[in-house]
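Chains as they are written, first to last, in my numbering: chain V, 132 to 326; chain L, 132 to 326; chain R, 132 to 326; chain C, 132 to 326. Notes follow once the structure below has been shown.
4 protein chains.
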Amino acid sequence: MSRPDPDPARRNERSRRAILGAALELLAETGYRDLSVEAIAARAGVGKQTIYRWWRGKGAVILDALVDQLTRAGDPALPDTGDLRADLRGMLRATVAEFADPRLSATTRALTIETLSDDDLAGQVRDRLLRPQLTAVRTRLESARRAGQVRPDVDLDQAVELLFGPLYHRWLLRNGPLTDDYADGIVDLTVTAIG
Amino acid sequence: MSRPDPDPARRNERSRRAILGAALELLAETGYRDLSVEAIAARAGVGKQTIYRWWRGKGAVILDALVDQLTRAGDPALPDTGDLRADLRGMLRATVAEFADPRLSATTRALTIETLSDDDLAGQVRDRLLRPQLTAVRTRLESARRAGQVRPDVDLDQAVELLFGPLYHRWLLRNGPLTDDYADGIVDLTVTAIG
Amino acid sequence: MSRPDPDPARRNERSRRAILGAALELLAETGYRDLSVEAIAARAGVGKQTIYRWWRGKGAVILDALVDQLTRAGDPALPDTGDLRADLRGMLRATVAEFADPRLSATTRALTIETLSDDDLAGQVRDRLLRPQLTAVRTRLESARRAGQVRPDVDLDQAVELLFGPLYHRWLLRNGPLTDDYADGIVDLTVTAIG
Amino acid sequence: MSRPDPDPARRNERSRRAILGAALELLAETGYRDLSVEAIAARAGVGKQTIYRWWRGKGAVILDALVDQLTRAGDPALPDTGDLRADLRGMLRATVAEFADPRLSATTRALTIETLSDDDLAGQVRDRLLRPQLTAVRTRLESARRAGQVRPDVDLDQAVELLFGPLYHRWLLRNGPLTDDYADGIVDLTVTAIG
DNA sequence: CCCTAAACGAGACGGTACGTCACGTCTTGGT
DNA sequence: ACCAAGACGTGACGTACCGTCTCGTTTAGGG
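Take a look at the structure:
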């Protein structure tokens with residue numbers, strides 16, 4: 132006896148943007164702890180129902196906000212200069228920089244929390260945010276394999292995780308500084324492992 | 132104008148155990164979403180104040196519960212058979228098994244959530260839970276380095292993270308299955324990277 | 132800057148009837164508490180705006196519904212058999228019966244509630260529902276006065292209220308049963324009072 | 132699976148008074164339409180839950196507030212000067228004055244509304260507010276009957292309603308002015324009816 | 001008989017209040 | 001003093017309706 136799905140064609144684009152914008156603002160300003168649907172609605176000048184009509188909760192809003200932001204940021208493809216080590220270093224340094232930026236970091240942190248107690252959302256995050264990024268790296272590794280820079284028996288998905296895993300681990304658990312040197316070290320180890 | 136610290140000597144051990152036990156039970160039964168201080172108190176047959184008197188919040192309770200559990204599980208030291216690859220495989224397979232066990236997994240998940248918005252707690256988790264585990268592995272790697280199985284220029288902390296990071300990444304983001312094969316693959320890549 | 136009045140000539144009679152019917156149905160089925168413009172619209176298969184276009188709110192709808200119903204019921208005139216007591220008894224017994232009928236009772240109850248916080252509506256109810264009924268009785272009393280059955284100094288409006296007031300009081304406050312005997316008793320007292 | 136009843140012994144008297152006071156203030160200031168549990172809680176400096184813990188809704192709060200007020204006002208007994216007509220006139224004039232006072236009137240109005248869609252509350256109102264008042268009048272009539280001023284066959288309850296009913300009717304339906312003259316007229320008719 | 005302006009169904013919108021839940025603090029009485 | 005119990009002020013939750021406001025789509029009357 133649940134409501135029928137609302138009609139996306141009638142959706143108010145102005146409200147949608149206001150909500151996503153307000154969510155990002157509040158996250159940056161006050162952190163995840165103080166982020167509430169109520170606050171987002173108030174900041175966006177929107178009724179709460181308008182949020183609940185289109186999203187399952189604040190987690191879903193943050194996801195959309197982040198996807199929106201990244202979509203605007205554009206192409207996740209890695210450069211392919213032929214120098215695998217250099218290309219990966221550039222990519223991982225950029226990722227480190229993102230994790231170090233409090234603004235982006237807050238969003239990712241918030242999303243991770245939601246993800247941990249919402250399997251549905253976790254799937255969405257995996258598919259819409261994570262996979263594209265991982266795939267971009269994998270594509271670069273495939274090119275490297277064709278160039279003979281990677282052993283043919285290496286599982287490329289594992290290789291990708293070898294790059295991101297340690298970084299993610301260190302960030303989440305605050306188990307050490309996130310620097311360019313750290314990124315370079317991970318790349319070196321990975322290249323050695325698969326080369 | 133805060134209350135003086137309570138006297139730990141007069142602490143009721145029965146209550147402490149009941150609280151930690153109730154926390155673990157509820158986590159296993161209903162998941163983190165429905166875990167509340169109120170529920171823990173009710174289940175433990177304890178006043179809420181007794182929880183707040185000794186812990187800062189449910190995050191701290193979970194941490195203590197997990198530390199308690201692991202302490203009972205005993206020594207985290209790795210075996211040292213001389214065969215680095217085999218020793219690491221055993222360790223990582225055990226870790227994979229832990230992450231796959233819903234009971235332990237739920238606790239870790241909950242703790243990770245709390246950690247993400249409580250720096251204090253994050254430090255505690257790092258020092259009391261994470262570091263001992265990482266150190267145990269690092270100790271094994273140092274032994275391997277002395278045996279000439281690891282290049283002298285390798286940063287052993289990074290090496291440790293090369294083992295746990297991918298696993299943690301995959302678990303948190305549900306980005307693939309957690310199997311013994313997967314553990315073995317990570318170990319192989321890591322050994323190649325540092326050997 | 133308000134909308135121009137809608138053109139009554141173009142009004143959809145089918146919708147009007149559906150709305151009034153739905154209102155009465157819902158009142159009878161679920162009571163006043165659960166009566167909402169939204170529910171009326173849904174039940175009537177009508178847009179909410181169609182209700183707000185023609186009525187000021189649910190109170191006005193109920194009023195119209197009741198007027199409609201009573202209009203169909205027809206002429207409120209009292210018989211004049213010459214026997215004042217008998218005529219009044221007949222009238223008051225009928226009124227008691229109305230108040231005892233759950234269907235009519237629910238409507239009246241709802242209308243009374245709306246009336247209590249809407250002066251506009253109160254006036255409408257007084258003029259369109261109440262006055263005709265009271266006037267009919269007053270007319271009968273005037274006839275009785277001409278026949279010398281009523282003292283010339285009696286305020287007939289007060290006399291009318293002497294009949295309806297106790298009944299209304301008892302009904303609203305559930306201060307006793309509403310029976311034919313009760314109606315007869317009121318009539319007897321009133322006739323004594325004015326005779 | 133409902134909460135156990137709260138323990139009245141631990142009830143905070145300060146909060147109780149603040150809530151009842153705030154309810155009466157808001158009723159007088161803004162009328163019933165704008166009276167909300169939320170507003171009462173805010174005005175009283177009290178959590179909403181504290182209201183819902185002890186009352187079923189705003190209707191019950193108003194009832195308690197009114198009972199409290201009347202209890203403080205004290206003895207509802209009528210004087211018994213031996214002059215029935217005079218005693219009743221005094222009483223009915225006072226009642227008219229109450230209905231004419233916007234402050235008291237607002238409370239009664241609000242209570243009547245709630246009463247109409249809550250049978251439980253209606254019973255409470257009848258027993259705690261209405262009955263004592265009616266009984267006081269009935270007691271005076273009994274005294275008058277013993278004095279031979281009232282016919283022995285008159286149903287005294289009906290006689291009481293003969294006094295209050297017309298007044299209540301006129302007040303609720305705004306069917307004419309509420310003046311001392313009106314009160315006197317009702318008393319005269321009633322005395323004639325029962326004398 | 002067609003045109004066009006309205007009324008229409010549907011329902012999204014910014015709001016307000018609902019009644020519930022859990023937070024972390026405070027109070028009471030019991031051991 | 002610590003405890004079990006639970007009332008308290010606080011504030012967010014997710015829902016229900018309010019009355020207003022678009023959306024296409026009938027529909028009815030004047031040209």
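Ideal placement from N, C-alpha and C gives every residue a C-beta, glycine not left out. Since the model is a prediction, treat every value here as computed from it, not as a measurement.
For the options V/Y183, V/W302, V/L151 and V/S167, the alpha carbon positioned closest to that of V/L201 is the one of V/L151. Exposure of L/T212 is indicated by the presence of fewer than 16 other C-beta atoms within 10 angstroms of its C-beta. Rounded to whole angstroms, the Cβ separation of R/L215 and R/Q280 is 5 Å, and the two are in contact under 8 Å.
The C-beta of R/F230 comes no closer than 7 Å to any C-beta of chain C.
Within the region 161 to 177 of chain L, the residues whose Cβ lies closer than 9 Å to some Cβ of chain V are G162, Y163 and R164, listed in chain order. Listed along the chain, the chain V residues whose CB falls inside 8 Å of the CB of L/E156 amount to none; the nearest CB is some 18 Å away. Around the beta carbon of V/R277, a 10 Å sphere encloses fewer than 16 other beta carbons of the protein chains shown; the residue is thus reported as exposed. Listed in chain order, the positions of the region 284 to 307 of chain C with a beta carbon within less than 8 Å of a beta carbon of chain R are V285, D286, D288, Q289, A290, E292, L293, F295, G296, P297, L298, Y299, H300, R301, L303, L304, R305, N306 and G307. For a Cβ distance threshold of 9 Å, residue set G162, Y163, R164, R240, A241 and I244 of chain C lies close to R/S248, ordered along the chain. For the 7 Å CB-CB criterion, R/A314 and R/R240 do not form a contact. DSSP places R/Q289 in the uninterrupted alpha helix (DSSP H) bounded by L287 to L303. Distances from the CA of C/L252 to each of C/A231, C/R187, C/I171 and C/F295 were compared; the closest alpha carbon is that of C/R187. Taking 7 Å as the threshold, the shortest C-beta distance from C/R257 to chain R falls below it.
Sequence-distant partners of C/G178 (beyond 5 residues in either direction) whose C-beta falls short of 7 Å from its own C-beta, in its chain, are A172. Distance from the Cα of C/A290 is smallest, within the candidate group R/G221, R/L293 and R/D288, for R/L293.
Residues of the same chain with a CB within less than 6 Å of the CB of V/A170, apart from the 5 flanking positions on each side, are L157 in chain order.
The criterion of a C-beta distance shorter than 7 Å is not satisfied by C/V285 and C/I317. Contact between V/L261 and L/N306 holds, with the beta-carbon distance rounding to 6 Å and staying under 8 Å.
When secondary structure is reduced to three states using DSSP, V/R271 falls in the helix class. Excluding sequence positions up to five before and after V/V192, its CB lies within less than 6 Å of the CB of A154 and W186, all in the same chain and listed in chain order. Comparing C-alpha distances from L/T310 to each of L/L298, L/L303 and L/L304 shows the shortest one belongs to L/L298. Interface criterion not met: the Cβ of R/L223 is under 7 Å from no Cβ in chain C. If you ignore the 5 residues before and after R/S167, its C-beta comes within less than 8 Å of the C-beta of K189, all in its own chain and listed in chain order. Exclusion of the five residues before and after L/Q255 leaves A191 and L194 as the residues of its chain whose Cβ lies within less than 8 Å of its Cβ. Counting only the Cα atoms, L/T266 lies some 10 Å from L/L209.
In the three-state reduction of the DSSP assignment, V/Q280 falls in the coil class. In this structure R/R259 is in contact with R/V198, their Cβ atoms being roughly 6 Å apart against a cut-off of 8 Å. Against chain C, a Cβ distance below 9 Å from R/L261 picks out L304 and N306. The alpha carbon of L/P139 has as its nearest neighbour, out of L/G162, L/E273 and L/R184, the alpha carbon of L/R184. Unbroken alpha helix (DSSP H) stretches of 4 residues or longer found wholly inside the region 185 to 234 of chain C: 189 to 204 and 215 to 231, given in chain order. Taking a beta-carbon distance threshold of 7 Å, L/G190 does not count as an interface residue toward chain V. With a threshold of 7 Å between beta carbons, C/T226 makes no contact with chain R. One finds nothing in chain V with a Cβ atom closer than 7 Å to the Cβ of L/T181; even the nearest lies about 25 Å away. Residues of the same chain with a CB within less than 8 Å of the CB of C/T226, apart from the 5 flanking positions on each side, are F295, L298 and A314 in chain order. At a cut-off of 7 Å between beta carbons, V/A253 contacts chain L.
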